[in-house]
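One structure is given here, and the rest of the page talks about it.
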């Protein structure tokens, strides 16, 4: 009965969006609860900075894993192969699973070995003890992208078959795993328990899809990969998306590196406000984007510009209808939202005010999920090209803004020429000094 | 624009370590630039692939939504101001009541403006409510007890 429910096909965009949105709402609310637990136990502290910095390498590796696991690349091919010949799509997924399992072991293992060196580049402002903790946490968390990568391949199949329910549940169980880690692992293992919670969440993310996978019989195929049709096409389609997402990761790496040079708790505050910012985006924007993607793909395959444009317009207008008023309310209620969401335990009123300020500024940053439309048409370059201005501007602004903010705050960091060269040139007209 | 001015505007100018505001400003500015670029790219690609661009209705919808949301936010801010005379921010429930009050008045104001502005989203919700909420047919003719039968 449960399996049948999980396999239920949802044909309409609105129905799928509603389901994903509802699951997204629950997942995001769990995310707020997770952050509240973190904030109450640790406050805006260095320990949380280390935790969030430890996410950077696993996140980057996960992005690299998307070369073979990007749903945006898998779905169009899966739909095409399913329509062409029985068994062809299954072979493609089986091949992807086998290539991924070999690649994941090699890359994750390699990163774990060099983690102690990598952390010094990612968080140059941390002390040796903090680097030590970050290395340990990074090594533990390196297990999670392997689980998430497998899970992503299976999720792409679920989306293509419009079995959105199990896909919608994955984010919920991921957060439950992290929450269990905070509640049960941290008291035993200390901060490392946070990392094990992430691994548990990723394992649950994969595990919930196994029963459906069992039913649809997509298993890894260990044969000559050159004989599996579509593998190279998936990689070619994924590469630009992976490259674009990698640039995003590089930008986050820069921001985290700069955050490590700021006062303790800066990375945590940045991350908390970012998570709150994604609450409405995750519910409305992402759910509609994911649900509409197969429909847009079909319209593109039919070369029906009218249908494509109609679906796209309807989706964008609906997203705007929900997200724009929420953005305005974010401005009015920023302190209330942060206090209600995070204000407990060690999370002080000062932390609340600063997070609210960061939340206000971040509220104007639009969601970055646009480039998917290119994959409907097997376009490899546009997502990457569209990303350059953001990276360049973020690079320039973060370097400049933070440099002058540092100087104003008493000059605690980025002063040497070499560091400035790494973090980028200042703006043409420098920002006035001081946030403090 | 002075960093101190931004910090004061956000009412955090008195806090010691607010340089993190610079990080998020960088993110926001970069995201705005990216969104503009993606919009142009989408239009260009659609012209190339389908021979037709995105319908113009999108910009009108955006302006109408921003106008309604701005007014609603103004009403919400007024509600917060009025509520602050009676409800304190020192307890969780005080914060919750203020936020809930401002949210409700803003939501009602937004829905009202959008309804009279011809928003399809609000109209479809109102129509569905009128059609189903008070209708006998809204109730199911029978209860699906398949699950109960299977557990026996």
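Protein chains in written order, with our numbering: chain D, 10 to 445; chain V, 2 to 153.
Beta carbons are placed, not taken as given, at the ideal position from N, Cα and C, and that holds for glycine.
Item to check | Proximity to residue 119 (chain V) [Cα-Cα], best of V:61, V:76, V:27 and V:5 | outcome: Taking the second chain and counting its residues from 1, one reaches residue 119 (chain V) at position 118. Residue 119 (chain V) has its Cα closest to that of V:61, out of V:61, V:76, V:27 and V:5.
Checklist entry - With a Cβ-Cβ cutoff of 8 Å, do residue 116 (chain D) and residue 62 (chain D) count as a contact? => result Residue mapping note: residue 116 (chain D) aligns to position 107 of the first chain, counting from 1. Residue mapping note: residue 62 (chain D) aligns to position 53 of the first chain, counting from 1. Note that the C-beta distance between residue 116 (chain D) and residue 62 (chain D) is not below 8 Å.
Item to check | CB-CB length for residue 342 (chain D) against residue 100 (chain V), believed under 8 Å | outcome: Here residue 342 (chain D) refers to the residue found at position 333 when the first chain is read from its first residue. Here residue 100 (chain V) refers to the residue found at position 99 when the second chain is read from its first residue. Contact holds; Cβ gap of about 5 Å.
Item to check | residue 264 (chain D) beta carbon less than 8 Å from that of residue 347 (chain D) | outcome: Against the first chain, residue 347 (chain D) aligns to sequence position 338. Against the first chain, residue 264 (chain D) aligns to sequence position 255. Their beta carbons are not under 8 Å apart, which means residue 347 (chain D) does not touch residue 264 (chain D) by this criterion.
Checklist entry - Does residue 388 (chain D) come within less than 8 Å of chain V when only Cβ atoms are used? => result Walking along the first chain from the start, residue 388 (chain D) turns up at place 379. Residue confidence for residue 388 (chain D) is low, a pLDDT of 43 falling below 50, so the modelled location carries little weight; the figure read from the coordinates is stated next. Interface annotation, residue 388 (chain D): in contact with chain V, CB-CB separation under 8 Å.
Next on the checklist: If you reduce the DSSP assignment to three classes, tell me which class residue 94 (chain D) lands in.
Outcome noted: To locate residue 94 (chain D), count along the first chain from 1; it is residue 85. In the structure shown, residue 94 (chain D) sits in coil (DSSP, three-state: anything other than H, G, I, E or B).
Item to check | Cβ neighbours of residue 4 (chain V) in the same chain (closer than 6 Å, five flanking residues each side left out) | outcome: Counting from 1 along the second chain, the entry for residue 4 (chain V) is found at position 3. Exclusion of the five residues before and after residue 4 (chain V) leaves no residue of its chain whose Cβ lies closer than 6 Å to its Cβ.
Item to check | Per-residue contacts from residue 66 (chain V) into chain D (C-beta, under 7 Å) | outcome: For this step, residue 66 (chain V) is matched to residue 65 along the second chain. Neighbours of residue 66 (chain V) on chain D, chain order: 329, 330 and 333.
Checklist entry - For residue 158 (chain D), which of D:215, D:95 and D:29 has the nearest alpha-carbon? => result For this step, residue 158 (chain D) is matched to residue 149 along the first chain. Comparing Cα positions, the closest option is D:215.
Item to check | Test: residue 122 (chain V) CB closer than 8 Å to a CB of chain D | outcome: What you label residue 122 (chain V) is simply residue 121 of the second chain in a count that begins at 1. For residue 122 (chain V), the answer is yes, since a Cβ of chain D falls inside 8 Å of its Cβ.
Item to check | alpha helix (DSSP H) segment containing residue 96 (chain V), residue limits | outcome: On the second chain, position 95 is the one that residue 96 (chain V) refers to. Residue 96 (chain V) -> alpha helix (DSSP H) spans 93-117.
Checklist entry - Counting Cβ pairs, one atom from each stretch, are 3 or more of them under 8 Å apart for the region 128-144 of chain D and the region 51-67 of chain D? => result Touching, yes.
Next on the checklist: In whole angstroms, give me the CA-to-CA distance for residue 426 (chain D) and residue 89 (chain V).
Outcome noted: Within the first chain, residue 426 (chain D) is the residue found at index 417, counting from 1. Within the second chain, residue 89 (chain V) is the residue found at index 88, counting from 1. Note that residue 426 (chain D) scores 30 on pLDDT, short of 50, meaning its location in the model is unreliable; the coordinates nonetheless yield the value given after this. If you take the alpha carbons of residue 426 (chain D) and residue 89 (chain V), they lie about 50 Å apart.
Next on the checklist: Quick check on DSSP: helix, strand or coil for residue 65 (chain D)?
Outcome noted: In the first chain, the residue the question calls residue 65 (chain D) occupies position 56. Correct three-state label for residue 65 (chain D): helix.
Checklist entry - If you measure from the beta carbon of residue 423 (chain D) to each beta carbon in chain V, is any gap under 8 Å? => result Reading the first chain from its first residue, position 414 is the one you call residue 423 (chain D). Per-residue confidence for residue 423 (chain D) stands at a pLDDT of 34, beneath the threshold of 50, marking its modelled position as unreliable; no derived number is given.
Next on the checklist: I want to verify the contact list: residues of chain V whose CB lies under 7 Å from the CB of residue 267 (chain D), in sequence order.
Outcome noted: On the first chain, residue 267 (chain D) is found 258 positions in, with the first residue counted as 1. Around residue 267 (chain D), the beta-carbon contacts reaching into chain V at under 7 Å are 24.
Checklist entry - CB-CB under 7 Å to residue 129 (chain D), same chain, minus the five flanking residues each way: which ones, in chain order? => result One-based indexing of the first chain puts residue 129 (chain D) at position 120. Counting only Cβ-Cβ distances below 7 Å, and skipping sequence neighbours, we find 140.
Item to check | Proximity below 8 Å, CB of residue 201 (chain D) to CB of residue 167 (chain D) | outcome: Residue mapping note: residue 201 (chain D) aligns to position 192 of the first chain, counting from 1. Residue mapping note: residue 167 (chain D) aligns to position 158 of the first chain, counting from 1. No; because the gap between Cβ atoms is not below 8 Å, this pair is not in contact.
Item to check | Boundaries (first-last residue) of the alpha helix (DSSP H) holding residue 39 (chain V) | outcome: Taking the second chain and counting its residues from 1, one reaches residue 39 (chain V) at position 38. Looking at the DSSP string, the run of the alpha helix (DSSP H) that includes residue 39 (chain V) is 21-51.
Checklist entry - Going by other Cβ atoms of all chains shown within 10 Å of its Cβ, with 16 needed for buried, is residue 86 (chain V) buried or exposed? => result Residue 86 (chain V) sits at position 85 when you count from the first residue of the second chain. Per the 10 Å Cβ criterion, exposed.
Next on the checklist: Just to confirm before moving on: does the CB-CB distance between residue 156 (chain D) and residue 164 (chain D) stay below 8 Å?
Outcome noted: Locating residue 156 (chain D) in the first chain gives position 147, where the first residue counts as 1. Locating residue 164 (chain D) in the first chain gives position 155, where the first residue counts as 1. With contacts defined as CB atoms closer than 8 Å, residue 156 (chain D) and residue 164 (chain D) fail to qualify as a contacting pair.
Checklist entry - What residue from D:222, D:217, D:184 and D:220 has the CA that sits closest to residue 204 (chain D)'s CA? => result As a first step, residue 204 (chain D) must be located in the first chain, where it is residue number 195. Of the candidates D:222, D:217, D:184 and D:220, D:184 places its Cα closest to the Cα of residue 204 (chain D).
Next on the checklist: Between residue 8 (chain D) and chain V, is the shortest Cβ-Cβ distance under 8 Å, so that the two count as touching?
Outcome noted: With chain D represented from 10 up to 445, any question about residue 8 (chain D) goes unanswered, as that position is not in the structure.
Checklist entry - Quick one: is residue 104 (chain V) near chain D, going by C-beta distance under 8 Å? => result Position 103 of the second chain, counting from 1, holds the residue named residue 104 (chain V). Between residue 104 (chain V) and chain D, the shortest Cβ-Cβ separation is below 8 Å.
Item to check | Near-chain V residues of the region 43-71 of chain D - C-beta to any C-beta below 9 Å | outcome: Of all residues in the region 43-71 of chain D, none has a C-beta nearer than 9 Å to a C-beta of chain V.
Checklist entry - So, are the CB atoms of residue 46 (chain D) and residue 21 (chain V) less than 8 Å apart? => result In the first chain, counting from the first residue as 1, residue 46 (chain D) sits at position 37. In the second chain, counting from the first residue as 1, residue 21 (chain V) sits at position 20. No; because the gap between Cβ atoms is not below 8 Å, this pair is not in contact.
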